[in-house]
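Note sheet for the following structure.
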Amino acid sequence: MRSSISVRRAAACAPAAARGEVPVGAVISRAGVILSVAANAPRHLNDPTAHAEMQAIRAAAAAIGSDRLADCDLWVTLEPCAMCAGAIAHARIARVYYGASDEKGGAIEHGPRLFEQPTCHHRPEIFPGIGEGEAAALLRGFFAARR
Ligand code: ZN
């Protein structure tokens with residue numbers, strides 16, 4: 004189960020990288036069923052909020068017809084930023100699995116540490132370092148190609 008989601012998560016990065024976006028992919032699942040798969044797309048969509056997690060949350064919420072994604076798992080290749088962490092809390096996502104840590108832009112274990120703030124009303128379970136090697140390699144390859 005986990006490995007099949009990991010493969011889909013990595014595959015979700017491909018369209019982002021092909022479009023010159025930072026290759027981040029996200030998957031939302033519930034009870035082992037995948038609800039959405041999304042790639043980072045802010046440049047492609049001219050939308051600064053179109054991070055992979057935001058795209059995946061919008062699609063999953065539309066798929067189940069609710070703004071609450073309770074009992075859902077979010078899988079993402081990179082530590083979520085403050086915007087996405089906020090959306091994760093609003094969506095009431097139960098568990099977040101992410102790959103590479105992001106010292107500069109992350110908001111879970113770095114920067115604002117959003118879920119540790121007293122004003123954060125929903126704290127998902129966090130599982131860092133899931134598929135980290137694979138996620139970090141994708142990002143390294145992307146930035147190496149742009150240099
Ligand atoms: Zn984000």
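Take the position in the sequence shown, starting the count at 1, then add 3; the result is the number in the numbering used here. Every residue, glycine too, gets a C-beta built ideally from N, C-alpha and C.
Quiz prompt | Identified DSSP bridge partners for E128 | solution = R98
Quiz prompt | Residues bridged to L81 [DSSP beta-bridge criterion] | solution = A103
Quiz prompt | Exposure label - R12; buried when at least 16 CB within 10 Å | solution = buried
Self-check item: For I3, the residue or residues it bridges with in DSSP
Solution: Residue 3 cannot be examined here, being either before or after the span of the chain that is shown, 4 to 150.
Quiz prompt | Any non-hydrogen atom of ligand 1 within 8 Å of E24 CB | solution = no
Quiz item: Do A66 and L48 have their CB atoms nearer than 9 Å?
Solution: no
Practice problem: Would you tell me roughly how many angstroms separate the C-alpha atoms of A21 and H54, rounded to the nearest one? | Solution: 15 Å
Exercise. Would you tell me roughly how many angstroms separate the C-alpha atoms of R46 and E24, rounded to the nearest one?
Key: 7 Å
Practice problem: With a 10 Å radius around its C-beta and 16 neighbouring C-beta atoms as the bar for buried, classify A34 as buried or exposed. | Solution: exposed
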